Amino acid sequence: MKDRLVAGIDLGAGSTKVVLLAADRSVLGQARSKTRADFVGLTDGLLDEVLKPLGLTRRDISYIATTGLGRYAVPARNIQITEITCGARGAWFLFPDTTCILDIGSQSSRAIRVGEKGRVKEFKTNEKCASGSGGFLEKAAKYLEITVDEMGTLSLTSSDPREISSVCAVLAESEIISNVSDGYKIEDIVRGIHDSLADRALTLIRRVGIGTSLTFIGGVARQEGMISTVQAKLGIQVNVPEEPEYVCALGAALFALERLKAAEAVSAKTA
Amino acid sequence: MTDTPKENPKAAGHVHYQGRMHALQKEIITRWYKELHGVWQRQQASNAVPLPGSGATGAVPLMISGNCVELLQAFDLLPVYPEINALQLAIRKKALEYLLKAEDMGYSTDNCGYVKADMAFYLEGAETAQGTRIPKPSLILNNFVGCNTYIKWFEHLAHFTKAPLFTLDIPFLQGEEPDAGQIKYVADQLKDLIRLLEKVSGRSFDIDRLREILKLSARSEELWSAIKMTAKNNPSPYEAFFDATTMMGPLYVSRGTPEGVRFFEEALREMEEKVRLGVGAVAKERFRVVVEAPPPYPYFKAFRDLFNTWGACSVASTYSCVGGTFEFGFRHDPRDPLNSIARHMLVHNVCNRNYIQRYDQILRYIKEWNADALIIHSVKSCRLFSAGHGDMREFFTSKGIPTLYVESDLEDPRYYSPAQMRNRFDAFFEALEHKKYSTKGAGV
């Protein structure tokens, strides 16, 4: 098992992430790219990006677990696991006191209640409306003529947050444009957007129950203003990983390692 | 790369689910549509609603829930189930064109999908999914049982077809049992209905004929119940949601006929043989689930695949009780025909019962059929069936029963999101797998 490497691949709606893990669960490398239709070429490219600097090849990978909406589309996978289960495992690995996870990605937002060892007890996701997810931020940034990254910190400087009340992303865009044309400060509008996203997220969190400790993962967890809003609304400190968008891929890699160990244990027994 | 240590069942791909029972069901439903087509052809020839003659005297639309098809059969009237027409369109991916036509006519997107598909279908004078025609109704029987949408639906149908409308008012069951007054109230309406059926069919009412039909119905119900009981075996030979849905056609169309009895005898034999051989309805049964509410007909097979890929077999379902909760003992009684029909409509079908009774029914299924979990498929355009499903999920979760709540529609493909649906099923079964089959270090 010593030299065995495993990979976790998260084929998300917005971006694809790869994490390479050693047998001791240390992360050897990671890479990400915008998701495109050629899933095989995309994941091959990302794996090469991670392996080459380490002087490794695909033969060095013993097990691949995929997750995300495109998890069935990677022929080289050994197993596919939902991003709900993988996100829970990854978040629990990084923050073992986690009882609830908020995961907001490009098109999905979900709250996951976890129990012992990060096992999923209950989850609640947005279903057919992406208004509470990262794709909404991208659209909003476009209308505000700033980048999504700039939005992340801008809302922290807000002194008079605007209210974005619509629950529909398309109608909310009209509200944003209306606020811009009325001359409101961009930071106040951005804060309103973060408040709106946080409200939707809190509805999901309340449905599953927060427990004692919340971990915030997914690309939207890079938005400092969003973290601040969620913390203010919940009145608790929220765990945020350094690289929140990689947590599901990390969780997949952890499962890959467990599966590989279990398979090798079975082989050893029958040998 | 190493070999895959454990082939994930989700990679198995599509599976065909066809037994002898499915072929017989197809025969019965095809014959029924042909008979309806025959009435339509005679109507075309005479340019009038057909009255006495050989074969069926006419056709009468009625609602499936707690239906009183035996009364129609006693007058040689063919039942028309608009719900079956609508679901047949959906399952053959033809529903959307009719839904859009209905919305063009002014029906809201929020209206019941069955209503919209059926109304557009009638008004277009279109062919059924079997390539046959539905005749003009001799009478529209609004046997309103648990679904008040039907009142408007059949009023519309009566308006457009100019057929007479008879509404049976069935009080919703609030307590455990109907009182004597409620039974008399319904039975008296049945007497009025009989007088009207005599008129539209041109036949005199023969109580002995009705008794014979009810005797056959009781036998079909007995066999149908015995089939449901086979699902208590491990593995279950019977898929009590998807295959039960298939069997519901014969139950509603022909339960009071020798053909219906033969169908259920054959189906029971098939299940008993599978029990003897230890053959399950799914290739390798790993989970036993109870299902609440109807399937998403536009994605019927894809939805079934979500169960099958996890080795999940439905061992009981509430939807299969829309026409009657027969597995709990009710049988039509030839000795007391009208009161027996009244009791069936009032209390022995799932739609007219109250929610607490539905909770109890599901709890019995979980316990007596030894199920691992409950799956609730809430139906967007049927609030009458689906209102309260959120509370239901909370109730069963609080009882420690793993419960999956998903939502789409029984008719409208626009409400079904395949990737999201699969994600929720996979995540639910991943957690359930751990709960049931956890092995050290290897569980998901």
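For the protein sequence lines, the chains are A and B, in the order given. The first sequence begins at 33 in my numbering and counts up by one. The second sequence begins at -4 in my numbering and counts up by one. A virtual CB, placed ideally from N, CA and C, is assigned to each residue, including glycine. Computed from a predicted structure; not experimentally measured.
Determine the DSSP secondary structure at Glu177/A, reduced to helix, strand or coil.
In the first sequence, the residue the question calls residue 177/A occupies position 145. Coil, per DSSP.
Give, in chain order, every unbroken run of the alpha helix (DSSP H) that is at least 4 residues long and sits entirely within the stretch 252 to 303 of chain B.
253 to 272 and 295 to 303
To be precise: take each residue of the stretch 384 to 417 of chain B, compare its Cβ to all Cβ atoms of chain A, and keep it if any distance is under 8 Å. Which residues remain?
Thr392, Glu402, Tyr410, Ser412, Ala414 and Gln415
I'd like the list of long-range same chain contacts for Gly224/A, defined as Cβ closer than 7 Å, with 5 residues on each side in sequence excluded.
As a working note, residue 224/A is residue 192 in the first sequence. These residues qualify, in order along the chain: Pro193, Arg194, Glu195 and Ile196.
Ends of the alpha helix (DSSP H) at Gln352/B?
In the second sequence, counting from the first residue as 1, residue 352/B sits at position 357. Tyr350 to Glu363 is the span of the alpha helix (DSSP H), which, as asked, contains Gln352/B.
Could you run through the stretch 93 to 118 of chain A and flag, in chain order, every residue whose CB is less than 8 Å away from some CB of chain B?
Ile93, Ser94, Tyr95, Ile96, Leu101, Tyr104, Ala108, Asn110, Ile111, Gln112, Ile113, Thr114, Glu115, Ile116 and Thr117
Return the bridge partner residues of Ala97/A from the DSSP annotation.
What you label residue 97/A is simply residue 65 of the first sequence in a count that begins at 1. Its beta-bridge partners are Gly40/A and Ile111/A.
Distance cutoff 8 Å, beta carbons only. Does Val279/A sit that close to anything in chain B?
Sequence index remark: in the first sequence, residue 279/A carries index 247 (1-based). Judged by the 8 Å Cβ criterion, Val279/A is not in contact with chain B.
Give the interface partners of Arg419/B over in chain A, defined as CB-CB distance under 9 Å, in chain order.
Taking the second sequence and counting its residues from 1, one reaches residue 419/B at position 424. Neighbours of Arg419/B on chain A, chain order: Thr114, Ile116, Phe155, Thr157 and Glu159.
For Arg68/A, go through chain B and note every residue whose CB falls closer than 9 Å to its CB, in chain order.
Taking the first sequence and counting its residues from 1, one reaches residue 68/A at position 36. In chain order: nothing, as chain B lies at least about 17 Å away.
Let me know if Asn110/A comes out buried or exposed under the rule of 16 or more other beta-carbons within 10 Å of its beta-carbon.
Numbered from 1 along the first sequence, position 78 holds the residue referred to as residue 110/A. Flag for Asn110/A reads buried.
Which whole-angstrom value is the C-beta distance of Phe258/B and Ile23/B, which I expect to be below 8 Å?
Position 263 of the second sequence, counting from 1, holds the residue named residue 258/B. Position 28 of the second sequence, counting from 1, holds the residue named residue 23/B. Going by Cβ atoms, the distance from Phe258/B to Ile23/B rounds to 6 Å, so yes, they are a contact pair.
Inter-residue CB distance, Ser206/A and Ser165/A (contact presumed, cutoff 8 Å):
In the first sequence, the residue the question calls residue 206/A occupies position 174. In the first sequence, the residue the question calls residue 165/A occupies position 133. Contact doesn't hold; Cβ gap of about 18 Å is too wide.
Using a Cβ-Cβ cutoff of 7 Å, what residues of the stretch 244 to 258 of chain A are near chain B? List them in chain order.
none
Coil, strand or helix - Cys142/B by DSSP:
On the second sequence, position 147 is the one that residue 142/B refers to. Coil, per DSSP.
Residue-level contact to chain A via CB, His429/B, 8 Å cutoff
As a first step, residue 429/B is located in the second sequence; it is residue number 434 there, counting from the start. Closer than 8 Å: yes.
Bridge-paired residues (DSSP) for Pro56/B:
Walking along the second sequence from the start, residue 56/B turns up at place 61. Paired residues: Val75/B.
Against chain B, does Arg151/A count as a neighbour if the rule is that its beta carbon must be under 8 Å from one of theirs?
Working through the first sequence from its first residue, we reach residue 151/A at position 119. So, interface residue.
DSSP has Thr398/B in a bridge; who is on the other side?
For this step, residue 398/B is matched to residue 403 along the second sequence. DSSP lists Leu369/B as partners of Thr398/B.
Work out the CA separation of Asp201/B and Arg190/B for me, nearest whole Å.
Against the second sequence, residue 190/B aligns to sequence position 195. Against the second sequence, residue 201/B aligns to sequence position 206. Distance between the alpha carbons of Arg190/B and Asp201/B is about 12 Å.
With a floor of 4 residues, list each alpha helix (DSSP H) that falls wholly inside the stretch 223 to 284 of chain A, ordered by position along the chain.
256 to 266
Alpha carbon to alpha carbon, how far is Asn138/B from Ile146/B? Give it in angstroms, no decimals.
Here the question's residue 146/B lines up with position 151 in the second sequence. Here the question's residue 138/B lines up with position 143 in the second sequence. Cα to Cα, Ile146/B sits roughly 9 Å from Asn138/B.
Is Ala40/B close to the ligand SAM? I mean its beta-carbon at under 7 Å from any heavy atom of the ligand.
Of the ligands one can find in the structure shown there are none, so the ligand SAM has no counterpart to examine.
Just tell me which of Lys375/B, His384/B, Val248/B and Cys377/B has its CA closest to the CA of Leu369/B.
Mapped onto the second sequence, residue 369/B falls at position 374. For Leu369/B, the nearest C-alpha among the options comes from His384/B.
How long is the line joining the alpha carbons of Asp187/B and Val110/B, rounded to whole angstroms?
Numbered from its first residue, the second sequence carries residue 187/B at position 192. Numbered from its first residue, the second sequence carries residue 110/B at position 115. Spanning the two alpha carbons is a distance of roughly 27 Å.
What three-state label does DSSP hand Cys118/A in the structure shown?
Translated into the one-based positions of the first sequence, residue 118/A becomes position 86. It is helical.
Which of the three DSSP states is assigned to Gln62/A in this structure?
Counted from its first residue, the first sequence places residue 62/A at position 30. Strand at Gln62/A.
Name the two residues that bound the continuous alpha helix (DSSP H) containing Val380/B.
By 1-based counting over the second sequence, the position of residue 380/B is 385. In the sequence as displayed, the identity of residue 380/B is Phe instead of Val. From DSSP, the alpha helix (DSSP H) with Phe380/B extends over Arg378 to Ser381.
In the structure shown, what three-state DSSP assignment does Val317/B receive?
What you label residue 317/B is simply residue 322 of the second sequence in a count that begins at 1. DSSP places Val317/B in coil when its eight states are reduced to three.
Taking Phe155/A as part of the beta strand (DSSP E), name the residues at either end of that continuous run.
If you number the first sequence from 1, residue 155/A lands on position 123. It spans Val152 to Thr157 - the beta strand (DSSP E) in which Phe155/A sits, taken as one unbroken run.
Please check if any C-beta of chain A sits within less than 8 Å of the C-beta of Ala422/B.
By one-based count along the second sequence, residue 422/B stands at place 427. With 8 Å as the cut-off, Ala422/B counts as an interface residue toward chain A.
Beta-carbon neighbours of Glu425/B, restricted to chain A and to distances below 9 Å
For this step, residue 425/B is matched to residue 430 along the second sequence. In chain order: Ile113, Thr114, Ile116, Thr117 and Val152.
Decide yes or no for the touch test of the stretch 101 to 119 of chain A against the stretch 269 to 281 of chain A: beta carbon pairs closer than 8 Å, at least 3 of them.
yes
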